[in-house]
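The first sequence begins at 828 in my numbering and counts up one residue at a time. Don't be surprised by glycine CBs; every beta carbon is placed ideally from N, CA and C. So the structure is just underneath, and the comments pick up after that.
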Amino acid sequence: MCEHCGKQHGIEEMPKTYDPSTVEDRLYKHWEQSGYFHSAPNPDKPPYCIVIPPPNVTGQLHMGHALDETMQDILIRYKRMSGFETLWLPGTDHASIATEVKVVEKLAKEGLTKKDIGREAFLERAWDWKKEYGGRIVSQLRKLGSSCDWERERFTMDEGCSKAVVKVFVDLYKKGWIYRGDRIVNWCPCCKTALSNAEVEFEEQPSNLWHVRYDAPDKSYSIICATTRPETILGDTGIAVNPNDPRYKDIVGKTVVVPIVGREIPIVADEYVEMDFGTGAVKITPSHDPNDFEVGLRTGLPQMCVFTEDGHINELGGKYEGLTAKECRRVFVDDLKECGALVKTEPYTHNVGTCYRCHTTIEPMVSKQWFVEIKHIAEPALKAVEDGRIKFVPERYVQTYYNWMRNIRDWCISRQLWWGHQIPAWYCEDCGETIVEEEAPHACPKCGSAKLKRDEDCLDTWFSSGMWPFSTLGWPEKTEELKYYYPTNTLSTGYDLIFFWIARMIMFGLYAMDDIPFDTVFIHGMVRDELGRKMSKSLGNGIDPLEIIRDYGADSLRFSLTSGTAAGTDMRYSQKKVEAARNFCNKVYNASRFVLMNLGEGEIGEIDMNMLDIADKWILHRLNEVVRDVTANIDAFDLNLAVDRAYSFIWTEFCDWYIEMAKPRLYGEDEAAKQNVRAILVKVLSVSMKLLHPFMPFITEDIYTRLPGSDETIMLSDWPKVNPAFSFESEADAMDQLMDMVRQIRNIRAEMNVPPSRRAHTILVTTPENESLCTQGAQYLNKLAFASTVEVRFDKEGIDKKAVSVVSKLGEAFIPMNELIDVEKELERLEKERKRWEGEVARASGKLGNQGFVAKAPEKVIEEEKAKLENAREMLAKVEARIAEMKA
RNA sequence: GGGGAUGUGGCUCAGCUGGUUAGCGCGCUUCGCUCACAUCGAAGAGGUCGGGGGUUCGAGUCCCUCCAUCCCCACCA
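Dropping the structure here:
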């Protein structure tokens, strides 16, 4: 290791096998300490900014994060190298419910509850918890190589973010777009809080449809209702039928008696009831069903809440008081059966709403909550996507967004939790006035009383994360950062967060900043296990990214998450894929070792363009192409295509071909040629490392900084550009033909079982215009096609007609090895060749003979087809001639 | 009920705005430890792109339809 800069130079400390563990942590620390990740407003550069989807502060890194952060880091590193002032703003989310649940659990172990210790002590505990575990996820992000600006790390409950939350809440309230009222909400009896609609997940569960008879007080008539939740009968306050239903015409307005309970309730008419379903009569429980709630409002039925906040029957449930909903259902059904009110029980599968955090069955309940009147902020948010100011990648996800936004309902934002942003509302205990202010009021503005009580509840976590793109940049202060980086550019996340987060950020961004929060939403899928199942705790099939990093390195993990999967679709994690990535790292590493160990003593200067031979021109031309393609692919968010393109260039074109072609000169005597090949190797390797760097930051930095003439760090070096001087179209084509010849010779030798050690004299018969190509190619036939000597000629004079030969566009190669010749086998092979070219001639001439094709296809396509036909004919003629010679 | 996705060699998956001899990796077969790499190299076998119909000079790539699998939203008690 260099004692001046702490880095490794040249070939020093490079064992045969790449070991990421000796590189990754060291480089990350170096990057971070050097301030390479830091960004600040810079008027000389265009900004590029991504805000991280803040992981739960007490969470742990999982594959979903690994995928998401990798995508973002790729974009960030690419943009940073491409001349943008690039900020990746990291932080964590307080995750109200998730964290509170954990703290409550911990308390429970000590035999305590929230209420026992009170709000203040509870929050103290929660902050302690955050201090203890909050750093974990953040250090795990570093393991991945994420180039976040840690100097700007934020937390949704830090001072600035909290200020933003309070300001938006107060503003919205004063505008009248936030209201408080008794509404039916999704209540989680386990978390003991209300939830928004987005936080309810539906699960199909088998159950029953119970048909229950409600009799008239005098038993002169009765009505049967079907229900999936018989326990809610305790809260029934009416029966509804369709106003047009002839069956019930006569009894609308009359009453029936709730079985067991004995309460007399009215029969009402409401359009909501479908005559065709069940018995056409619905029991109405306004307090515990959203539809019933609406019916109740329309028909004036009273609400009657029979559940406690933790899901037990309350005092209104009479003898059932204290039972859970589930227990009550069983007992109640038994009782119904006993008293003869249960008419029928039929199996029935239906969707049950569950809490997205704990998967407890949701009980719809009426309670007093705060809501955002969503239409005011939803409309502009819908428009921003409709008019293209914000685009989704892949585009189809706009449908998901539209679907949600067009059917959006008012957003319940209050949570009966303590860990979060407490709602800035106070109630006057004397006159009942509600005061909503950013600062705590001292006295009631209406009656002057000082007896003010603050609302106990806190806000939905997503309320604060919805402000993340601007609260983290300093809003509501008018900061330089806000001015420079907002709107941010790309927002990357999984499709599961479109409703929770994306939609909220767009709404709040447009509301608070009057501008979009980002221009592109980059959506990726979920990481599944090898069998295609979702990774989950309950299945125990989760793969720990940190273990993969430990065993294979972060670069391998990143590569395997990026390669071979199109954006927006789910991907399967597989061990094989990581191994393949690891092997690629090793390949890159060894190619570099090769280059480094052949650098020699002298300085590596610029490439001498006058000394390039055909192989050099070929690789430089290909280099240009890969630069062009990788750049275009990243720009189009086709990260898989980009990385696969770089992969095949490095492995196949550079390692398998060019390095082999470089060896003759490298090991030769010509010093000037040697020096030039070295310069080319360094150039190609250096550019390759840059192209690969966004995807595999560590190994590329390690190699790059070892190369002569490199910058201090690859991550701040310039992204490669296509170099017009490296454009060698025709030479590259010729080289391809030469390579094709090499492949054919290898093929023949393999088929004839000739060992590589057995070298052979090779005669290249060509035309004068191809002479120099063939002469240059001779050394490669030597090296790659096991020739002992290569002779270039223009005639076949004196060549054994029965020699093994290959036919190519460049010419014919004869390998007169008598003992090799198996005329039958060779003829068989030539026949195969002939058929192939015959097929091609037939295909191409068929196409060109088609009037429609010639008339309508674009010029370029026709020209290409003509060239193909010409080539095929030429090859066919040569092969046929060879067959004739062999037979003669 | 509405919307979307997927179906390509044994396996996992790429194939952009229609024109490639249909690709990669794994696996398989046969060689090879030549001084970057056996976490390797060379050669090879193997798909006609879920079925059917259509548009087009031309379709894996567009349209229709059917089949299969999956996801999201809504939720009729």
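- The beta carbon of residue 952 sits closer than 8 angstroms to the beta carbons of 930, 933, 934 and 944 from its chain, once the five residues preceding and following it are set aside; these are given in chain order.
- The Cβ-Cβ distance between residue 1337 and residue 1329 does not fall below 8 angstroms.
- Counting C-beta atoms within 10 angstroms of its own C-beta, residue 1100 has 16 or more neighbours from the protein chains shown and is therefore classed as buried.
- At least 8 angstroms separates the beta-carbon of residue 1548 from that of residue 1650.
- In this chain, the beta strand (DSSP E) harbouring residue 1196 covers 1190-1199.
- Under the DSSP assignment, residue 1419 falls in the alpha helix (DSSP H) whose first and last residues are 1402-1424.
- Note that the C-beta distance between residue 1133 and residue 1067 is not below 8 angstroms.
- Closest in C-alpha terms to residue 963, from the list 883, 849, 1021 and 874, comes 883.
- With three or more CB-CB distances shorter than 8 angstroms, the segment 1512-1527 counts as touching the segment 891-911.
- Assigned with DSSP and collapsed to three states, residue 1236 falls in coil, not helix or strand.
- Per DSSP, the beta bridge partners of residue 1151 are 1139.
- For residue 1042, the beta-bridge partners assigned by DSSP are 1049 and 1084.
- For residue 948, the uninterrupted alpha helix (DSSP H) segment begins and ends at 941-970.
- Within the segment 1420-1472, no beta strand (DSSP E) run of at least 3 residues lies entirely inside it.
- Shortest Cα-Cα distance from residue 997 to any of 1106, 1694 and 1198 involves 1198.
- Contact between the segment 1014-1032 and the segment 1184-1196 is present: 3 or more CB-CB pairs across the two stretches fall below 8 angstroms.
- Nearest C-alpha to residue 912 among 1621, 1312, 1251 and 1049: 1312.
- Restricting attention to 1090, 1136 and 1052, the CA atom closest to the CA of residue 1170 is found in 1052.
- Beta-bridge pairing by DSSP links residue 1018 to no other residue.
- In this chain, the beta strand (DSSP E) harbouring residue 1641 covers 1638-1642.
- Exclusion of the five residues before and after residue 1606 leaves 1491 as the residues of its chain whose Cβ lies within less than 6 angstroms of its Cβ.
- In this structure, residue 1168 sits near residue 1086, with a CB-CB distance shorter than 8 angstroms.
- Contact between the segment 1037-1057 and the segment 1076-1085 is present: three or more C-beta pairs spanning the two stretches fall below 8 angstroms.
- Of all alpha-carbon atoms in 1665, 1000 and 936, the one lying nearest the alpha-carbon of residue 1261 is that of 1000.
- Taking a C-beta distance under 8 angstroms as the contact criterion, residue 1250 and residue 1282 qualify as a contact pair.
- Only residues of its own chain outside the window of five on either side were considered, and among them 1435 and 1438 have a CB closer than 6 angstroms to the CB of residue 1503, listed in chain order.
- With a beta-carbon spacing of about 5 angstroms, residue 864 and residue 974 fall inside the 8 angstroms limit used to define contacts.
- When rounded, the separation of the alpha-carbon atoms in residue 1553 and residue 1489 is 17 angstroms.
- Annotation note: the segment 1611-1641 contains the following uninterrupted beta strand (DSSP E) runs of length 3 or greater, listed N- to C-terminal: 1614-1620 and 1631-1634.
- About 5 angstroms separates the Cβ atoms of residue 1705 and residue 1634, confirming a contact at the 8 angstroms cut-off.
- Less than 8 angstroms separates the beta-carbon of residue 1126 from that of residue 1095.
- Residue 1135 places its beta carbon 8 angstroms or farther from that of residue 1063.
- In summary, residue 1358 is exposed, with fewer than 16 beta-carbon neighbours lying within 10 Å of its beta-carbon over all protein chains present.
- DSSP places residue 1579 in the coil class of the three-state scheme, outside both helix and strand.
- By the criterion of a C-beta distance shorter than 6 angstroms, residue 984 is surrounded in its chain by 921, once the five residues flanking it on both sides are discounted.
- Residue 1037 carries a strand assignment under DSSP once its states are collapsed to helix, strand and coil.
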